[in-house]
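Novice: Let me give you the structure first, and then I'll get to my questions.
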């Protein structure tokens, strides 16, 4: 039953759609009133004044629509408002309040009262049932054109034929094939679902529709893309019937478990990890429960009997043998399988080894207090004959069983927010953690996501300091726009320069010169194209500024839509500091070959003596010692040092005696007393320069990143390795969102490019030649939303990296890109091509001792075609 949409309440929308069908499409009446507005005459007017009079000039959708239909009757304007209401029933990524405002805006053009019935106007009706994606909003005018053409054709049918058609789902879908642009419009899928929710799916995006069919049928996406919309509908209908039979329920939806796992993130696996309390004592399980209740993750080493576990896989922990039994914890695999001393102390004494994997647990339940998935619950999941009482410590969960398991977990396990209210923790142990992996895997991003934990509100911050902090990360365009907006939308450059926004922005980045030149450059770069006073060729979107003959700049053109974010930022900043963020409890440094102990801990610095005027050398604390002093004086709060590229520095020289002090069990614990703080536990050492006693406080966390393309983790100092947890971040293509969250982008020719498959294919070949440490990270493709951006990444980032890794071995680079086949035969279309140059081609004669060479050429960005990229990851047939 396609009308089942998980937690989405569909009935109010479907009921509203049937009111629209009966009252409007069949009865001709207004959905919101009793007037006859759904008539052929009114739709013909919309067709004449909107469809046949498209406005490609400046202005947003509503401004253009208002101007286009201004000559029409009031009933036509009301019809346009009700059409928009139908168009907005399905999208869940537009808030009900925004939908109401848009519909009312159009209705008001008729100058008649607006009083819609509650059954068509409530949040339950307007909160949507699925995301429409950004293209639905940006192409709203195209969707409206399609709707007008559809309605125009429907109302021209005899009433009996129309009624018959609206009662037969497949006949209606076939009839829609005759409407222009039918296969390309999301509204087509929405209307079919609303009118026939037991037949058609709530899958509105073309990419998702094709992906689902491709995965469940085994057809390549390229072949599925050739199918018509109704052919894909029939495939989806057949897939649903098969899945309902297999899962023995009609309560299925492709966006919720267990179907979601069948086509989303199919590269990752799910594993069952067993724990027998009789054999293995989990000493700190109470701490794991408390940490995960409070929203933190908890890394636990786990014995492993299967070498197929991979980073990013999901892990479920099953308690066995000792009651109560069942699944009580969930997390993700964060390391490859590795070998270490056996967990059994007796076996360890005989130097027996065991295999392990690190699991980052996100929720651990207390089986004696919390609701969890019992062994009896598991035995009811029978679809794949999954063994829920395995002897092995790690076993794979079959994909359909994993989907049912996840659905069951979501149904019966308490929400984490409820568990957090019970979490009570004392001061936790410090964190020593290094993220390592190839470039572009999000290591620095991980550090940046942690920073917010070490920033505290402070009421002592001045307004100027707060403003500078808010403006520092903003672009000059954002700041100059807000200043001009605050000045009433019109001002001279001197007034903009004097504005507090511009002044504080300059101070926040240490800018004291050329501010006026920056303002001029920004204003000219974003000048409207129709300007008669600005002659500047390198303009960039958005085009929102213009200058008059008196050099007064103003906001111009349709600036509200493209600058919506800037307006919201301006309103937030104008409201003033609501919660001043001031106390920064962290430092961020980057190690390099020249970085030293003197910069990190302490060292001698030349300073001019104020009395004698002579140069004297004084001991100056380094960045880490200064942070330690702050942490020592504030033991109730946590501090952190973030070290980027930790492996690029000489670790032994930089850390010195800190290699001992940073150990978890050697950290100093301090209490505040009158006159300062006193150490109550831990180890301290005497520093060589100052001769002072020093300890690393327990409330300091140390994070680092390490690029394995520069240096393998195996080469790191053994002492350092023992003092840190190492969390591997390998390329994870499932993180790549693409244009719509599914990893695909449009290729500009009606097809799609699978970014995830592209990265995976290239990395498999790189790993084959050079190993996994130099593979390409997912971060390179994380912001790619269109084909031009992909071509830019390929030319400016991927190919230079491949040149570096392969030492300009162009033939292997061609193999990575799928440009050559057996025997070096070219596979068209190529990204990197080559030709053979003989000595006679170069010199005009055949000098002795010279062989022919290959001359390689990289295609320009415009020359790279979608097929040239698709062939990297799709199967290639080599011609004779």
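Residue numbers (the numbering used here): 1 to 880.
Even glycine gets a Cβ: it sits at the ideal position worked out from N, Cα and C.
In terms of residue numbering, what span does the alpha helix (DSSP H) encompassing residue 62 cover?
Specialist: As a first step, residue 62 is located in the chain shown; it is residue number 62 there, counting from the start. That run of the alpha helix (DSSP H) goes 61–69.
Novice: Give the secondary structure of residue 594 by DSSP, where H, G and I count as helix, E and B as strand, and everything else as coil.
Specialist: Stepping through the chain shown from its first residue, residue 594 is reached at position 594. It is coil, neither helix nor strand.
Novice: Candidates 366, 255, 307 and 249: which alpha carbon is nearest residue 282's?
Specialist: As a working note, residue 282 is residue 282 in the chain shown. The shortest Cα separation from residue 282 among 366, 255, 307 and 249 belongs to 366.
Novice: Only counting the same chain, and skipping five residues up and downstream in sequence, which positions put a Cβ closer than 6 Å to that of residue 874?
Specialist: Here residue 874 is taken as the residue at index 874 of the chain shown, counted from 1. Within the same chain, residue 874 has no close Cβ partners at all.
Novice: Rounded to the nearest angstrom, what separates residue 10 and residue 773 at their Cα positions?
Specialist: Residue mapping note: residue 10 aligns to position 10 of the chain shown, counting from 1. Residue mapping note: residue 773 aligns to position 773 of the chain shown, counting from 1. Computed Cα separation, rounded: 48 Å.
Novice: Determine the burial state of residue 212: buried for a count of at least 16 other Cβ atoms within 10 Å of its Cβ, exposed for fewer.
Specialist: Residue numbering aside, residue 212 sits at position 212 when the chain shown is read from its first letter. It counts as buried.
Novice: Give every residue of the same chain whose Cβ lies closer than 7 Å to the Cβ of residue 17, excluding the five residues on either side of it in the sequence, and list them in chain order.
Specialist: Reading the chain shown from its first residue, position 17 is the one you call residue 17. So the qualifying residues of the chain are 89, 194 and 195.
Novice: According to DSSP, is residue 403 part of a helix, a strand, or is it coil?
Specialist: Walking along the chain shown from the start, residue 403 turns up at place 403. Three-state DSSP puts residue 403 in a helix.
Novice: For the beta strand (DSSP E) containing residue 395, name the first residue and the last one.
Specialist: As a working mapping, residue 395 is identified with position 395 in the chain shown. That run of the beta strand (DSSP E) goes 394–397.
Novice: Quick one: using the 10 Å Cβ neighbour count with 16 as the cut-off for buried, is residue 635 buried or exposed?
Specialist: As a first step, residue 635 is located in the chain shown; it is residue number 635 there, counting from the start. By the neighbour-count rule (16 or more Cβ atoms within 10 Å), residue 635 is buried.
Novice: Is residue 325 near residue 318, with beta carbons less than 9 Å apart?
Specialist: To locate residue 325, count along the chain shown from 1; it is residue 325. To locate residue 318, count along the chain shown from 1; it is residue 318. Yes, these two residues count as a Cβ contact at 9 Å.
Novice: Tell whether a beta-carbon distance below 9 Å holds between residue 747 and residue 870.
Specialist: As a working mapping, residue 747 is identified with position 747 in the chain shown. As a working mapping, residue 870 is identified with position 870 in the chain shown. Yes, these two residues count as a Cβ contact at 9 Å.
Novice: What is the DSSP secondary structure of residue 639, reduced to helix, strand or coil?
Specialist: Locating residue 639 in the chain shown gives position 639, counting from the first residue. Note: residue 639 maps to strand in three-state DSSP.
Novice: What distance in whole Å lies between the Cβ atoms of residue 377 and residue 408, which are believed to be in contact at a cut-off of 8 Å?
Specialist: By 1-based counting over the chain shown, the position of residue 408 is 408. By 1-based counting over the chain shown, the position of residue 377 is 377. Yes, residue 408 and residue 377 are in contact; Cβ-Cβ is about 6 Å, under 8 Å.
Novice: Does the distance from the CB of residue 670 to the CB of residue 683 come in under 9 Å?
Specialist: Position 670 of the chain shown, counted from the start, is the residue given in the question as residue 670. Position 683 of the chain shown, counted from the start, is the residue given in the question as residue 683. Their beta carbons are not under 9 Å apart, which means residue 670 does not touch residue 683 by this criterion.
Novice: Counting pairs of beta carbons, one from the region 597–606 and one from the region 620–632, are three or more of them closer than 8 Å?
Specialist: Yes: at least three Cβ pairs fall under 8 Å.
Novice: Quick check on residue 424: buried or exposed, where buried means 16 or more other Cβ atoms within 10 Å of its Cβ?
Specialist: As a first step, residue 424 must be located in the chain shown, where it is residue number 424. Confidence at residue 424 is low in this model, with a pLDDT of 35, below 50, so the placement of that residue should be treated as unreliable; the coordinate-derived value is given next. Under this definition residue 424 is an exposed residue.
Novice: Suppose the cutoff is 7 Å on Cβ atoms and the five residues either side in sequence are ignored; what does the same chain contact list for residue 732 look like?
Specialist: Along the chain shown, one-based indexing puts residue 732 at 732. The answer, listed in chain order, is 312 and 778.
Novice: Does the separation of the CB atoms of residue 892 and residue 329 fall below 9 Å?
Specialist: What is shown of the chain runs 1 to 880, which leaves residue 892 out entirely.
Novice: So, with DSSP's three-state summary, where would you put residue 612?
Specialist: As a first step, residue 612 must be located in the chain shown, where it is residue number 612. Because the pLDDT at residue 612 is just 37, under 50, the model does not fix this residue reliably, and the point stays unresolved.
Novice: Under the DSSP definition of a beta bridge, which residues are partnered with residue 130?
Specialist: As a working note, residue 130 is residue 130 in the chain shown. Residue 130 pairs with 91.
Novice: Pick helix, strand or coil for residue 694, following the three-state DSSP scheme.
Specialist: Taking the chain shown and counting its residues from 1, one reaches residue 694 at position 694. In this structure, residue 694 counts as strand in the three-state DSSP scheme.
Novice: Any idea if residue 401 is buried or exposed, counting beta-carbon neighbours within 10 angstroms, 16 or more meaning buried?
Specialist: As a working mapping, residue 401 is identified with position 401 in the chain shown. That one is buried.
Novice: Kindly indicate the opening and closing residues of the alpha helix (DSSP H) around residue 343.
Specialist: Residue numbering aside, residue 343 sits at position 343 when the chain shown is read from its first letter. Looking at the DSSP string, residue 343 is not in any alpha helix (DSSP H), and its letter there is neither H nor E.
Novice: Take the Cβ of residue 206 as the centre, count every other Cβ of all protein chains shown within 10 Å, and call the residue buried at 16 or more, exposed below.
Specialist: Locating residue 206 in the chain shown gives position 206, counting from the first residue. Label assigned to residue 206: buried.
Novice: Under a Cβ-count criterion, where at least 16 other Cβ atoms within 10 Å of its own Cβ denotes burial, should residue 514 be classed as buried or exposed?
Specialist: In the chain shown, counting from the first residue as 1, residue 514 sits at position 514. Residue 514 comes out exposed.
Novice: How big is the Cα-Cα spacing for residue 322 and residue 278?
Specialist: For the purposes of this step, residue 322 is taken as the residue at position 322 of the chain shown. For the purposes of this step, residue 278 is taken as the residue at position 278 of the chain shown. Taking the straight line from one Cα to the other gives about 7 Å.
Novice: Using three-state DSSP, classify residue 822 as helix, strand or coil.
Specialist: Reading the chain shown from its first residue, position 822 is the one you call residue 822. Residue 822: helix per DSSP, three-state reduction.
Novice: Okay, do the region 548–560 and the region 519–536 touch, 3+ Cβ pairs below 8 Å being the bar?
Specialist: Counting Cβ pairs under 8 Å, three or more are found: they touch.
Novice: For residue 537, which option in 125, 31, 521 and 551 has the closest C-alpha, if you only look at C-alpha atoms?
Specialist: Translated into positions along the chain shown, residue 537 becomes position 537. The option with the nearest alpha carbon to residue 537 is 521.
Novice: Excluding the 5 residues preceding and the 5 following residue 15 in the sequence, name in chain order all residues of the same chain whose CB lies nearer than 6 Å to its CB.
Specialist: Along the chain shown, one-based indexing puts residue 15 at 15. Within the same chain, residue 15 has no close Cβ partners at all.
Novice: What are the partner residues of residue 223, as DSSP defines its beta bridges?
Specialist: What you label residue 223 is simply residue 223 of the chain shown in a count that begins at 1. None; residue 223 has no bridge partner.
Novice: Provide the residue span of the alpha helix (DSSP H) that contains residue 881, from first to last.
Specialist: Limits of the chain in this structure are 1 at one end and 880 at the other, which puts residue 881 out of reach.
Novice: Can you tell me the Cα-Cα spacing of residue 751 and residue 483, whole angstroms?
Specialist: Within the chain shown, numbered from 1, the residue matching residue 751 stands at position 751. Within the chain shown, numbered from 1, the residue matching residue 483 stands at position 483. Whole-angstrom Cα-Cα distance: 43 Å.
Novice: Tell me the DSSP secondary structure of residue 357 in three-state form.
Specialist: Residue 357 sits at position 357 when you count from the first residue of the chain shown. In this structure, residue 357 counts as strand in the three-state DSSP scheme.
Novice: Note the first and the last residue of the continuous alpha helix (DSSP H) segment covering residue 49.
Specialist: In the chain shown, the residue the question calls residue 49 occupies position 49. Looking at the DSSP string, the run of the alpha helix (DSSP H) that includes residue 49 is 40–49.
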